[in-house]
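One structure below.
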Amino acid sequence: MLDIRLFREQLETVKQGFARMGFDVSEADRIVVIDDTVRALKTEVEAMQAELNIASKAMGAKGITPEERDAKRAELRALGDKISGVNAQRTEAEEQLRKALLYTPNLPDAKVPNGETETENVLVREVGTKREFSFTPKPHWELGTTLDILDFERGVKISGSRFYVLKGAGAALQRALIAFMLATHTEQNGYTEIYPPFMVKEECLYGTAQLPKFADNHYHDAEEDFWLVPTAEVPVTNLHRDEILEGARLPIKYVAYTPCFRREKMSAGRDVRGIKRGHQFDKVEMVKLVTPQTSEAELEALLNDAESICKALELPYRVLLVCTGEKGDFNTMQYDIEVYAPAAKGEEGGEWLEVSSCSNFGEFQARRTNLRFRPEPGAKPEFVHTLNGSGLALPRIMIAVMENYQNEDGSITVPTVLRPFLGGKETIR
RNA sequence: GGAGUGAUGUCCGAGUUGGUCUAAGGAGCACGAUUGGAAAUCGUGUAUAGGUUAAUCCCUGUCUAGGGUUCGAAUCCCUAUCACUCCGCCA
15 MLDIRLFREQ
25 LETVKQGFAR
35 MGFDVSEADR
45 IVVIDDTVRA
55 LKTEVEAMQA
65 ELNIASKAMG
75 AKGITPEERD
85 AKRAELRALG
95 DKISGVNAQR
105 TEAEEQLRKA
115 LLYTPNLPDA
125 KVPNGETETE
135 NVLVREVGTK
145 REFSFTPKPH
155 WELGTTLDIL
165 DFERGVKISG
175 SRFYVLKGAG
185 AALQRALIAF
195 MLATHTEQNG
205 YTEIYPPFMV
215 KEECLYGTAQ
225 LPKFADNHYH
235 DAEEDFWLVP
245 TAEVPVTNLH
255 RDEILEGARL
265 PIKYVAYTPC
275 FRREKMSAGR
285 DVRGIKRGHQ
295 FDKVEMVKLV
305 TPQTSEAELE
315 ALLNDAESIC
325 KALELPYRVL
335 LVCTGEKGDF
345 NTMQYDIEVY
355 APAAKGEEGG
365 EWLEVSSCSN
375 FGEFQARRTN
385 LRFRPEPGAK
395 PEFVHTLNGS
405 GLALPRIMIA
415 VMENYQNEDG
425 SITVPTVLRP
435 FLGGKETIR
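Residue numbering for the first sequence follows the working numbering, starting at 15 and increasing by one per position.
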């Protein structure tokens with residue numbers, strides 16, 4: 015959510031940001047008009063309320079006679095009714111304003127490239143080299159099925175399309191990856207591990223801005239206020255909602271493993287082969303709460319922490335600075351990390367798979383979650399800046415590991431760093 | 001799921017026959033005095049959101065949340081949430 019003051023004081027900046035994000039610019043003008051209405055009504059109500067308060071107080075004074083009190087009572091009752099009337103208008107206008115603000119995108123950072131599609135994303139760096147195969151690499155669904163560590167048919171049987179079952183060494187490999195990532199982030203990168211609820215209240219999804227815009231991509235209980243988390247970003251960023259943190263505590267760095275649940279309605283028919291896109295997937299997510307002055311540098315550090323996983327797993331990857339049209343609506347800037355999977359497109363060959371998005375949200379989410387910090391004892395509270403990034407998304411990193419580490423006989427070599435988490439196993443066969 | 005009790009500022013805590021509550025008091029914190037320095041002591045200040053303003057002043061809302069009664073609500077009524085106790089159920 016943007017500060018309403020931005021609309022009042024820097025309308026042109028807001029409009030430019032909206033234009034870059036492909037958002038209706040006239041909405042900014044409409045918001046200014048509603049804001050003017052709200053403030054006019056508010057001033058009117060408050061003046062009348064002040065009058066009523068003074069008069070009511072006088073009613074309780076000692077010297078007043080019952081007759082005077084009765085006479086005054088009718089008069090004040092009328093004033094009270096009048097206040098209610100205008101106040102109802104005010105509430106309505108405020109609600110309009112709130113709704114309008116909930117839908118507005120964040121303003122992109124100056125460094126974000128303009129563009130509509132992924133072709134306009136800027137390649138920041140490419141790390142590692144693609145492996146040269148002396149044989150034709152197989153896609154992960156073939157490897158997994160043959161090794162009997164991946165079962166698509168039974169996944170579909172019990173849960174429907176876009177579900178699969180990991181079995182034996184497949185399940186163990188994923189568990190090892192999760193354990194390895196958590197260990198790296200907690201022991202080397204300085205994050206505190208969080209195990210959050212996988213179901214949250216609706217207000218949390220408003221807080222991180224999945225709602226109201228993307229309601230149809232989330233699962234929720236029909237009877238109670240429970241929503242399945244689409245990413246650990248939601249519970250973890252909301253952890254300190256409505257709090258005022260001591261400035262000295264920042265930055266706060268959390269890492270959490272959770273399953274993620276998504277309807278994927280927008281992606282119907284896309285990526286149906288293999289385990290690339292499902293209704294349920296696992297992810298290790300990093301979340302940072304930082305001061306406004308440091309958020310830019312913290313984004314680079316976050317990206318670096320995510321990359322450390324790719325490096326340790328010795329997977330070729332690239333980093334992209336995502337353009338205005340492709341990035342999320344609510345961050346100020348977003349880097350994507352893509353790892354290379356040599357057979358993920360089957361007959362067509364390899365593919366870069368997005369395994370992480372690292373974003374800075376500025377104070378956008380902090381405003382929605384009312385999450386502030388006090389820079390110095392006694393100082394006025396300010397909104398924190400929030401950031402998050404995957405570190406990393408599991409099924410896709412599974413794909414990359416399986417396809418990059420496959421051998422000609424169909425077995426898969428276990429990456430060195432994962433072996434301690436798999437009882438020393440070197441090969442899945 | 002049933003019954004009961006409770007929720008006050010950063011924290012503790014008074015206030016519940018509706019009207020100087022303009023929320024006492026204490027702790028903590030900040031600044032100052034005192035001191036060679038510190039402790040102790042004393043003094044001053046110290047919630048938050050918004051409106052108005054050049055700024056101050058001032059005004060409005062907030063005593064868990066949302067409604068209601070009333071000229072007027074921390075206080076009375078209703079609903080919800082959370083915590084605790086007892087019962088039931090369960091892993």
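For each residue, glycine too, the CB sits at the ideal point set by N, CA and C.
Rounded C-beta distance between residue i and residue j? I'm assuming under 8 Å.
| i | j | result |
| --- | --- | --- |
| LEU242 | MET213 | 6 Å |
| PHE375 | LEU385 | Between LEU385 and PHE375 the Cβ distance is about 11 Å, and since that is not below 8 Å, they are no contact. |
| THR352 | GLU368 | Looking at the sequence itself, residue 352 is Glu, so the reference to Thr does not match. The pair is a contact, with the Cβ atoms about 5 Å apart (cut-off 8 Å). |
| LYS290 | PRO409 | 7 Å |
| VAL46 | ARG22 | 7 Å |
| GLY31 | LEU121 | 3 Å |
| VAL431 | ALA326 | 5 Å |
| ALA270 | GLU207 | 7 Å |
| GLY142 | GLY339 | Actually they do not touch by this definition, with Cβ atoms about 28 Å apart. |
| ALA114 | ILE163 | Wrong, their Cβ atoms sit about 50 Å apart, outside the cutoff. |
By a C-beta neighbour count over all protein chains shown, 10 Å radius and 16 as the cutoff for buried, is residue i buried or exposed?
| i | result |
| --- | --- |
| PRO211 | exposed |
| THR131 | exposed |
| ASN402 | buried |
| GLN420 | buried |
| TYR205 | buried |
| ASN345 | buried |
| LYS227 | exposed |
| TYR209 | exposed |
| LYS341 | buried |
| GLY135 | Contrary to the premise, residue 135 reads as Asn rather than Gly in this sequence. With 16 or more other Cβ atoms within 10 Å, it is buried. |
| ILE172 | exposed |
| ILE442 | buried |
| GLU321 | buried |
| GLN348 | buried |
| ARG382 | buried |
| THR198 | buried |
Rounded to whole angstroms, what's the CA-CA distance from residue i to residue j? Just pull it up for me.
| i | j | result |
| --- | --- | --- |
| LYS56 | GLU247 | 36 Å |
| ARG277 | GLU440 | 36 Å |
| GLY292 | LEU187 | 18 Å |
| ASP235 | PHE275 | 13 Å |
| PHE166 | VAL179 | 6 Å |
| ALA190 | LYS359 | 25 Å |
| ALA357 | ALA414 | 9 Å |
| GLU299 | THR272 | 8 Å |
| SER371 | LEU116 | 23 Å |
| ARG388 | HIS399 | 13 Å |
| LYS394 | VAL52 | 26 Å |
| ALA42 | LEU219 | 24 Å |
| GLN10 | LEU66 | No statement about residue 10 is possible, as the shown extent of the chain runs from 15 to 443 and does not include it. |
| ALA311 | VAL301 | 14 Å |
| PHE295 | ALA407 | 8 Å |
| LEU225 | SER281 | 18 Å |
| GLY94 | LYS86 | 12 Å |
| LEU436 | ILE192 | 12 Å |
| SER373 | HIS232 | 21 Å |
According to DSSP, is residue i part of a helix, a strand, or is it coil?
| i | result |
| --- | --- |
| ALA270 | strand |
| HIS199 | helix |
| ARG139 | strand |
| HIS293 | coil |
| VAL336 | coil |
| GLY184 | helix |
| ARG19 | helix |
| LYS125 | coil |
| ASN402 | strand |
| ARG443 | coil |
| LEU329 | coil |
| ASN101 | helix |
| GLU278 | coil |
| ILE522 | Since the first and last residues shown for the chain are 15 and 443, residue 522 lies out of range. |
| ASN374 | strand |
Nearest to residue i by alpha carbon, out of the options?
| i | options | result |
| --- | --- | --- |
| THR308 | GLY288, THR346, ALA320, LEU264 | LEU264 |
| PHE149 | LEU121, GLU417, HIS293 | GLU417 |
| ALA221 | ARG145, MET15, ASN120 | According to the sequence provided, residue 221 is Gly. The question's Ala does not apply to it. Answer by Cα proximity: MET15. |
| GLY424 | ILE68, PHE37, LYS152 | LYS152 |
| LEU334 | ALA102, GLU106, TRP366, MET300 | TRP366 |
| LYS144 | PRO330, ASP50, SER371, ARG91 | PRO330 |
| VAL138 | PRO127, PHE147, GLU146 | PRO127 |
| LYS215 | GLU201, LEU406, ARG91, PHE240 | PHE240 |
| PHE194 | GLU237, GLU422, ILE411 | ILE411 |
| PRO119 | GLY74, LYS29, GLU58 | LYS29 |
| GLY158 | ALA315, ALA197, PRO306, LYS181 | LYS181 |
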